[in-house]
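K.L.:
One structure follows; several queries about it will come next.
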Amino acid sequence: MNVREANPSDTDAVLALFEAMDWDRPWPRPQLGPKHLEGKLVLVAEENGEIAGFAFGETEQHGRAHLNLACVRPESRRQGVMKALLAEFGVRARAAGSEHITLDVDTSNEVGRAVWQRLGFTEFSRRLFASVDALEARLSAPAGESRATVYIQTDAAEAVEAATAKILPRLGGSGHEVTGPGNGWVAVRAELLDRDRHALGRFASELSNATAAVVCALALEDGRLVRYVLYERGSVVDEYQSVPEYYGPIPPGDVVALGANATVVSRLTGAEPSRVRAVARTAASPDELPPAPELLQQIAELLGLSG
26 MNVREANPSD
36 TDAVLALFEA
46 MDWDRPWPRP
56 QLGPKHLEGK
66 LVLVAEENGE
76 IAGFAFGETE
86 QHGRAHLNLA
96 CVRPESRRQG
106 VMKALLAEFG
116 VRARAAGSEH
126 ITLDVDTSNE
136 VGRAVWQRLG
146 FTEFSRRLFA
156 SVDALEARLS
166 APAGESRATV
176 YIQTDAAEAV
186 EAATAKILPR
196 LGGSGHEVTG
206 PGNGWVAVRA
216 ELLDRDRHAL
226 GRFASELSNA
236 TAAVVCALAL
246 EDGRLVRYVL
256 YERGSVVDEY
266 QSVPEYYGPI
276 PPGDVVALGA
286 NATVVSRLTG
296 AEPSRVRAVA
306 RTAASPDELP
316 PAPELLQQIA
326 ELLGLSG
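Residues in the sequence shown are numbered consecutively from 26, following my numbering.
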C-alpha cells in the first residue's frame, strides 16, 4: 500500500468515494467538490493501483491540525488503510508545527467512535444539533410555572427551621416557610428554591447533612417537567427526571440513571416498589406523560410527602 498526497487526477475518485459513504444523519449530505479540497492536505492510499481510501484536513489550524474527513472503501477495511492514512497525516501535521489532531465523529457512530478511541483520541467537546422547527417551538413556548419544595424526614420542625435559617441566606435566599410535620415530613419552601435548581440541590444536600435526615427535593420545572432528588447524609442516593432529555441530549447511561430507583425509594420512604415503577415513569416528551402538575401530585402522594 502506498500513501501519498493527492494530485488533480485523483479528484474524481476521491469525490466518488465520498458519495459512496453511508449517510444516516438527519440532514442532507453536504456537497463536496474540488473547491472544498483546495488549500487542504489531501492524502490517498493506493492499493494495486486503485484508491482504497482518502483523508483530508488542515495540518495547522489555530495551533492544531484538524482531520475533516477520512474514508476507506468497504472492501478495503480492516487492512490497515485508515492507520496508514492517519500516520501520514500525523507526520505532515507535526512538520507543520501542530502537536495535536482533532476530528469530528457522530455520537451515533459507535463503530467509528471505538476505532478513534483505540487510536488514542479522547472527547474534548460535544457538538449538538436541533431542527429549526423544534428550536423555534421551544423558544416561542411560554415559560411554565416552576416551584419546588424540600421535604425532611423528621418531626423536629424547630431543628429544620434553625438549619434553614443558617443555610438559605448563604445561598442567596432571603425568605422561607417551614411547615409540618405531616406524615413524618417537614416541608421547606422559598422563592430561591423555585427559580434556581442549582441552589435547590445545594440547599437540600446541606440540610440533609445538618439534620442527619433523609431529604427529598421535589420540583415542577417550566410547567412541563417533574424532578425529585433524594439525599441521605448529604449525598444523592436517587434522582428522577420525568423527561431525561428535556434540557438536551445526554448519554444513554444518564437517561437510565434519571429513572426512579424503586428499591432505594422503597427503603427510604416505604413506597411500594411496584407503585414507584408505575407512577414515576419517564418519557421522551412531556406529552407522553400525565400533565406535569398532576404527575407532581401523584409522586408526592407516592412518597408520602406532606402537603
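For glycine and all other residues, C-beta sits at the position ideal for the given N, C-alpha and C.
1) According to DSSP, is residue 192 part of a helix, a strand, or is it coil?
2) Quick check: the region 171-182 against the region 138-156, are there 3 or more CB pairs under 8 Å?
3) Could you spell out the range, first to last residue, of the alpha helix (DSSP H) harbouring residue 51?
4) Would you list, in sequence order, the uninterrupted beta strand (DSSP E) runs of no fewer than 3 residues that lie entirely inside the region 70-151?
5) Let me know if residue 157 comes out buried or exposed under the rule of 16 or more other beta-carbons within 10 Å of its beta-carbon.
6) Going by alpha carbons, who is nearest to residue 26 out of 39, 54, 79 and 34?
7) Since residue 314 and residue 267 should fall inside the 8 Å C-beta cutoff, what is the C-beta to C-beta distance between them, to a whole number of angstroms?
8) For residue 279, which residues of its own chain have a beta-carbon under 8 Å away from its beta-carbon, when the five flanking residues on both sides are left out?
9) Beta carbon of residue 219, beta carbon of residue 173: below 8 Å?
10) Suppose the cutoff is 6 Å on Cβ atoms and the five residues either side in sequence are ignored; what does the same chain contact list for residue 202 look like?
11) Could you say if the region 141-148 and the region 295-315 meet the contact criterion of at least three C-beta pairs nearer than 8 Å?
12) Less than 8 Å separating the beta-carbons of residue 65 and residue 43?
13) Tell me which residue opens and which closes the beta strand (DSSP E) that residue 277 is part of.
14) Can you give the Cα-Cα distance for residue 20 and residue 136, rounded to whole angstroms?
15) According to the Cβ coordinates, are residue 248 and residue 170 closer than 8 Å?
16) Would residue 252 be called buried (16 or more neighbouring beta carbons within 10 Å of its own) or exposed?
17) Sorted by chain position, which residues of the same chain lie with C-beta nearer than 8 Å to residue 96's C-beta, five sequence neighbours on each side aside?
18) Are residue 57 and residue 68 closer than 8 Å when you measure CB to CB?
19) When DSSP labels each residue in this structure, what does residue 21 get in the three-state scheme?
20) What does the alpha-carbon distance come out to for the pair residue 61 and residue 106?
21) From 114, 245, 221 and 236, pick the residue whose C-alpha is nearest to that of residue 31; which is it?
22) DSSP three-state label for residue 298, please.
23) I think residue 258 touches residue 234, with their Cβ atoms under 8 Å apart; what is that distance to the nearest whole Å?
24) Output the distance between the C-alpha atoms of residue 217 and residue 91, rounded to the nearest integer angstrom.
25) Assuming residue 228 and residue 192 form a contact by the criterion Cβ under 8 Å, report the distance between their Cβ atoms to the nearest whole angstrom.
26) Out of 89, 205 and 305, which one is the CA nearest neighbour of residue 125?
P.N.:
Put simply:
1) On the sequence shown, residue 192 is found 167 positions in, with the first residue counted as 1. Three-state result, residue 192: helix.
2) In this structure the region 171-182 does not touch the region 138-156; the number of beta carbon pairs closer than 8 Å is below three.
3) The sequence position of residue 51 within the sequence shown is 26, counting from 1. It is not in any alpha helix (DSSP H) - residue 51 carries neither H nor E in the DSSP assignment.
4) With a minimum length of 3 residues, the continuous beta strand (DSSP E) runs that stay inside the region 70-151 are 75-86, 89-97 and 126-128.
5) Counted from its first residue, the sequence shown places residue 157 at position 132. Per the 10 Å Cβ criterion, exposed.
6) Against the sequence shown, residue 26 aligns to sequence position 1. It is 79.
7) Position 289 of the sequence shown holds residue 314. Position 242 of the sequence shown holds residue 267. The Cβ separation is near 6 Å, so the contact holds.
8) As a position in the sequence shown, residue 279 is number 254, starting the count at 1. Non-local beta-carbon contacts of residue 279 in its own chain, meaning distances under 8 Å to residues more than five positions away in sequence, involve 269 in chain order.
9) Within the sequence shown, the letter at position 194 stands for residue 219. Within the sequence shown, the letter at position 148 stands for residue 173. Against a cut-off of 8 Å, the Cβ pair of residue 173 and residue 219 comes out as a contact.
10) Indexing the sequence shown from 1 puts residue 202 at position 177. Here residue 202 has 214 as same chain residues with Cβ atoms under 6 Å from its own Cβ, once five neighbours each way along the sequence are excluded.
11) The region 141-148, when compared against the region 295-315, does not touch it at the 8 Å Cβ threshold.
12) Residue mapping note: residue 65 aligns to position 40 of the sequence shown, counting from 1. Residue mapping note: residue 43 aligns to position 18 of the sequence shown, counting from 1. At the C-beta level, residue 65 and residue 43 stay beyond 8 Å of one another.
13) Residue mapping note: residue 277 aligns to position 252 of the sequence shown, counting from 1. The continuous stretches of beta strand (DSSP E) do not include residue 277, which lies in the alpha helix (DSSP H) extending over residues 277-282.
14) Because the chain is modelled from 26 through 332, residue 20 falls outside the range shown and cannot be assessed.
15) Translated into the one-based positions of the sequence shown, residue 248 becomes position 223. Translated into the one-based positions of the sequence shown, residue 170 becomes position 145. Contact: yes.
16) Within the sequence shown, residue 252 is the residue found at index 227, counting from 1. It counts as buried.
17) By one-based count along the sequence shown, residue 96 stands at place 71. Leaving aside the five residues that flank residue 96 on each side, the residues in its chain whose CB is nearer than 8 Å to its CB run, in chain order, 42, 43, 46, 78, 79 and 80.
18) By one-based count along the sequence shown, residue 57 stands at place 32. By one-based count along the sequence shown, residue 68 stands at place 43. Going by C-beta atoms, residue 57 is not nearer than 8 Å to residue 68.
19) Residue 21 is absent from the structure shown; the chain starts at 26 and stops at 332.
20) Position 36 of the sequence shown, counted from the first residue, corresponds to residue 61. Position 81 of the sequence shown, counted from the first residue, corresponds to residue 106. Computed Cα separation, rounded: 23 Å.
21) One-based indexing of the sequence shown puts residue 31 at position 6. Checking every option, the nearest Cα to that of residue 31 belongs to 114.
22) Along the sequence shown, one-based indexing puts residue 298 at 273. Looking at residue 298 - three-state DSSP - the assignment turns out to be helix.
23) Residue 258 sits at position 233 when you count from the first residue of the sequence shown. Residue 234 sits at position 209 when you count from the first residue of the sequence shown. Yes, they are in contact, since the Cβ atoms of residue 258 and residue 234 sit about 7 Å apart, within 8 Å.
24) Within the sequence shown, the letter at position 192 stands for residue 217. Within the sequence shown, the letter at position 66 stands for residue 91. Those two C-alpha atoms are separated by around 45 Å.
25) Residue mapping note: residue 228 aligns to position 203 of the sequence shown, counting from 1. Residue mapping note: residue 192 aligns to position 167 of the sequence shown, counting from 1. That belief holds up - the Cβ atoms of residue 228 and residue 192 are roughly 6 Å apart, short of 8 Å.
26) The count along the sequence shown starts at 1 and reaches residue 125 at position 100. Considering only alpha carbons, the answer is 89.
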